[in-house]
Structure formats: structure tokens, C-alpha cells
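Quick note on numbering: the sequence shown equals residues 325 to 538 in the working numbering. Following: one structure in C-alpha cells, then a few remarks.
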Amino acid sequence: MVLSWLPQRDRMLMDLLLETNFLLELVFKQEQAAACEMLLQAAEQGKVVLHLPAFSLMEQLYRLAGATKERRDLQAKVQQVLTQAQRETVVKDPLSKLERDFTTLLEVGSQQQQERLLDLSQRVSSVAQLIPLTAGIWAQTARLTEEVELTLSDCVVCASLLERAAELIPLAPKLFVTRDKKGFQQQAVRQLFEEHGCEIILNFQHAVQRLRMG
């Protein structure tokens, strides 16, 4: 039986299971953003199949909202310090310029993050096999909260990926790629993925290397 989400492709094409940190690397231009971009481009070129929980697309919005709030809080604190400094010194012009430059830097940074998020969401949605939240995934999430030491959101992600791993072609190479070493490297989680022939890699750059090796 061919599952409805499964694209017509080479049966041995590598499957990469990804979670929210893949998106955050790209949105916030973190340390392994370049490797994540290579993986995304490889999927766009038909060299690999990406699988991502639909939940992760929503979770990145929550993370961006949190980062935006942190920027606003920082901006308010810095403005308060600069306002007090202007009261205490006769050299006001440099301080006023510093305040304007700092405000512009934060505003431009937030705008660029939002633009990257929207662009990334469109690219990922068009090329990745998104995993919808189902009753089965919610049931698996409930079980995971009792069986492994993960946050609730990580349990949702884990349940989504486990369901997809169980559906994939048995002989095709499968990798779960994540930077969440604290959560997903625990032995109990590894065993769950290994039951479906899925290896966990804790580095996006290593995933690029594996893809190049075939």
C-alpha cells in the first residue's frame, strides 16, 4: 500500500526526520544554519526527503514571539539607562545617536527574523512531508510523558516522528537529526527510534556529511 503522503521516489532515497530546532537554526541564523540550508536545498533538488511535524511550524512562531518580547524588554531597559545618562551629562548628542542606532538595530533584526520565518515556512511546506497531528499522535504523546523525560512539546514532536518512522519504507535509510542533546539523546528515546530502524544524529553538519556519503 502506498501512503497518501508518500511521494513517488527512489525507494532508497534517504529520509531525514527533523524537529523544531531545524527551523530555529535557520530563522535565528544559529551555529548550524548553513548545514540546515544545505539539507533544505538537497530536499528541493530531490536528493533527500524531509519529514517535519506540523506542530514544529507552530512552535517556531511561539519561539519567535518570545524572542521579540526579549528584544522589546532589552530595548526598554537600554532606553531607561540612556535617558538617565542624558540627564547626568552635558554630552547629549552621542547618547541620542546611540539610542537611535540601538533601536534601529533591534527593529531591523526583528523584521528580518519575521521575514526569514515566513520565507522558510513556505519553502518547508512546499518540499517537506509534514506530519499532521492525529488522535494517534496525541495518544502516543500521553504515553511518552510517562515513559521518557521530555517536555510536553518535545513529546508531541517525538510522537509525531515515531509515527512517521513506523510508516516509512523499512529498507530506506532513516535519520532523526536534532540538536536537542539534553532530550533526544537519552537511551529510552533512542531505543524507540531504533525499533523503526531510525538512527539519531545530534548534529546537522554530520547529517550533511552522511548525505554526501550516500
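Glycine included, each C-beta is placed from N, C-alpha and C at the ideal position.
A direct Cα-to-Cα measurement between Gln511 and Lys401 gives close to 43 Å. Between the alpha carbons of Ser477 and Thr344 lies a distance of about 10 Å.
Approximately 15 Å separates the beta-carbon atoms of Lys498 and Cys482; this is outside 8 Å, ruling out the contact. If you draw a 10 Å sphere on the C-beta of Ser449, you find fewer than 16 other C-beta atoms in it, and that means exposed. The beta strand (DSSP E) runs lying completely inside the region 499-532 and spanning 3 residues or more are 522-525, given in chain order. Taking all protein chains in view, the Cβ of Arg536 is surrounded by fewer than 16 other Cβ atoms within 10 Å, so the residue is classified as exposed. For Ile461, the uninterrupted alpha helix (DSSP H) run begins and ends at 459-471, by DSSP. Setting aside the 5 residues that flank it on each side, Ala496 is surrounded in the same chain by Arg335, Met336, Leu337, Met338, Asp339, each with a C-beta closer than 8 Å to its C-beta; the list follows chain order. Collapsing the DSSP output to three states places Gln369 in coil. In this model, Glu439 and Ser445 are separated by some 10 Å (Cα to Cα). Under the three-state reduction of DSSP, Gln354 is assigned to coil, being neither helix nor strand. By the C-beta criterion, the region 502-516 is judged not to be in contact with the region 371-380, since fewer than 3 inter-stretch pairs fall below 8 Å.
In this structure, Phe528 keeps its C-beta atom at 9 Å or more from the C-beta atom of Phe352.
A straight line joining the alpha-carbon of Ala463 with that of Ala452 spans about 24 Å. Rounded to the nearest angstrom, the Cβ distance from Ile455 to Arg488 is 5 Å, consistent with a contact under 8 Å. Under DSSP, Asp339 forms a beta bridge with Val373, Lys498. By the Cβ-count criterion, Leu485 is buried, with 16 or more other Cβ atoms from all chains shown falling within 10 Å of its own Cβ.
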